[in-house]
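Enquirer: Residue numbers (the UniProt record's numbering): 1 to 519.
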């Protein structure tokens, strides 16, 4: 992190209250401001260049999303599934098949690591006449359809492997087959029915239990694209190699952890957190066998408590961290190389989220929703270290995206404040990095908490109010509202506080057909 840079104000026709999403381009040079009827694209490198997508009369419904899928290409999706690719250089658009809307994730993905010289490729799920179709489309100035393949079942997720060689489609729990693997050019390679083979060895299992083991809940690719992890609805995990998609290992979260048959140095360490009456937190190493605490199941009728709550690979794919919904305070860390448990962490409270470090594959951060960031070094023979955030309210923590040249930094945020923590200390080269920044900002520093202290001083009368800028925030909002009124062609009501709004001087003819356009 470095000192805050000077800001540049952009005026937009979209009011703040109407903004539904903000999307950055991959190179962070453009920002798309999305509302239900307008999309404003701001160019941060050219403040005078403005691109606006107008939904017109809304014949296709309201805008549902707008995403950058290339350097100069924007994908817009309407609420009823209509989709278009817009070339931001020429203003031309390409109509796409209707995107499938009933999915748990976006029904499209851009292929990563595209071959040099080729435009980005877009893979998209559509559903027409009760059948799913996988469409492959080049984007950009060379936009062209590559293939369209019928896919069996009702698919709800789509994901590329990080190397861009494989595409996985996952269907609903009771669809068979439920998982499909496709090549980069859209050809079918392999399918899985999601059936747990252990059920065949248990003929006396009840029918309702049999239903719970059918289907794949989630698929996760390792960052090195060598392993595909599958979590099923019965709480089991399977690791597949991505050469033939054969089985590497089956993982289960047993309610009893017992490695007593192994030598002590070969046993996975179990660290259990305890909280003293004074609030001090510490860890003790538990002995095998060990029973992790069970979490209360709020849904007594369903099988939702048997699923894997979370699974994440480290940045290089060496480790896999998992959580089971039945034992929500327990974190398992597995070694992908040895296909065995590497460590088990028992927290005092339920775990909310796991975060592997962005560049260091050995460091895992645990968020229990208590305003404390726990960092654990997998190879170190030490328990997790708690780092108190000291922020009021509901705190979200994540790794700050610094380069590998700097020591790790944790970003803690709330709705009204943020704080940066350095668990290993602040980097010695940090000041040198700041010195390389814009010299116009020399002398501008950020002291955490200074803004809050200044506000308290002003409210208590110990410090005079600073002079208002030429246009205060309230004044800018007034200007935005007045500008919005000039373009608003809908029926208007009298405003008690502002007086009657301006009457529209010109009537704009509205095309009853589709008239969305780019300016």
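We put the beta carbon where it would ideally sit given N, CA and C, even for glycine.
When the Cα atoms are used, what is the spatial distance from residue 320 to residue 308?
Expert: If I take the Cα positions, the gap works out to 13 Å.
Enquirer: Here's a check: name, in chain order, each residue in its chain whose Cβ is nearer than 7 Å to the Cβ of residue 221, leaving out the five neighbours to either side.
Expert: Within the same chain, residue 221 has close Cβ partners 159, 161, 162 and 228.
Enquirer: Considering only C-alpha positions, which residue in the set 45, 61, 46 and 237 is nearest to residue 38?
Expert: Per the Cα distances, 61.
Enquirer: Would you mind reading off the limits of the beta strand (DSSP E) that contains residue 99?
Expert: Counting along the chain, residue 99 falls outside any beta strand (DSSP E), and DSSP gives it neither H nor E.
Enquirer: Do residue 129 and residue 97 come within 7 Å of each other at the CB atom, strictly closer than that value?
Expert: Result no, Cβ atoms of residue 97 and residue 129 do not sit closer than 7 Å.
Enquirer: How is the beta strand (DSSP E) around residue 182 delimited, first residue to last?
Expert: Where residue 182 is concerned, the enclosing beta strand (DSSP E) stretches over 179–183.
Enquirer: So if DSSP puts residue 148 in a beta bridge, which residue, or which two residues, is it bridged to?
Expert: Per DSSP, 135.
Enquirer: In the DSSP output, what is residue 418 paired with across the bridge?
Expert: According to DSSP, residue 418 bridges with 413.
Enquirer: Apply the 10 Å Cβ neighbour rule to residue 8 and answer buried if 16 or more other Cβ atoms are within range, or exposed otherwise.
Expert: Classification of residue 8: exposed, given that the 10 Å Cβ count is below 16.
Enquirer: Can the beta-carbon of residue 238 be found closer than 7 Å to that of residue 250?
Expert: Yes, Cβ-Cβ distance for residue 238 and residue 250 is below 7 Å.
Enquirer: By the three-class DSSP mapping on this structure, what secondary structure does residue 217 have?
Expert: Residue 217 falls in the strand class under three-state DSSP.
Enquirer: Count the C-beta pairs between the region 267–284 and the region 334–347 that are closer than 8 Å, then say yes if the count reaches three, no if not.
Expert: Taking 8 Å as the limit for Cβ pairs, the verdict is that the region 334–347 does touch the region 267–284.
Enquirer: May I ask you to report which of helix, strand or coil DSSP gives residue 23?
Expert: Reduced to three states, the DSSP call for residue 23 is strand.
Enquirer: With DSSP collapsed to three states, give me the class of residue 190.
Expert: In the structure shown, residue 190 sits in a strand (DSSP, three-state: E or B).
Enquirer: On the premise that residue 423 lies in contact with residue 387, defined as a C-beta separation below 8 Å, what is that separation, rounded to the nearest angstrom?
Expert: That belief holds up - the Cβ atoms of residue 387 and residue 423 are roughly 5 Å apart, short of 8 Å.
Enquirer: Report the rounded CA-to-CA distance for residue 401 versus residue 358, giving the unit in angstroms.
Expert: So the alpha carbons of these two residues sit roughly 7 Å apart.
Enquirer: What residues in its chain sit with their C-beta under 7 Å from that of residue 417, if we drop five residues either side in the sequence?
Expert: Excluding residues within five positions, the ones whose Cβ falls inside 7 Å are 391.
Enquirer: Give me, in chain order, the residues of the same chain whose beta-carbon lies closer than 7 Å to that of residue 450; leave out the 5 immediate sequence neighbours on both sides.
Expert: Confidence at residue 450 is low in this model, with a pLDDT of 43, below 50, so the placement of that residue should be treated as unreliable; the coordinate-derived value is given next. None.
Enquirer: Near residue 176, what residues of its chain come up, given a Cβ to Cβ distance below 6 Å and the 5 sequence neighbours on each side ignored?
Expert: For residue 176, where only same-chain residues beyond five positions count, the Cβ hits under 6 Å are 193.
Enquirer: Taking the runs of the beta strand (DSSP E) that are 3 residues or longer, which of them lie wholly in the region 320–356?
Expert: Entirely contained in the region 320–356, the beta strand (DSSP E) runs reaching 3 residues are, in chain order, 327–335, 340–346 and 353–356.
Enquirer: State the DSSP-derived secondary structure class of residue 312, mapped to helix, strand or coil.
Expert: Reduced to three states, the DSSP call for residue 312 is strand.
Enquirer: Rounding to the nearest angstrom, what Cα-Cα distance links residue 171 and residue 396 in this structure?
Expert: So the two alpha carbons sit approximately 31 Å from each other.
Enquirer: Does DSSP put residue 510 in a helix, in a strand, or in coil?
Expert: Because residue 510 carries a pLDDT of 43, less than 50, the predicted location of this residue cannot be relied on, and the following value inherits that uncertainty. Coil.
Enquirer: Looking at residue 413 and residue 393, is the spacing between their C-beta atoms short of 7 Å?
Expert: Their beta carbons are not under 7 Å apart, which means residue 393 does not touch residue 413 by this criterion.
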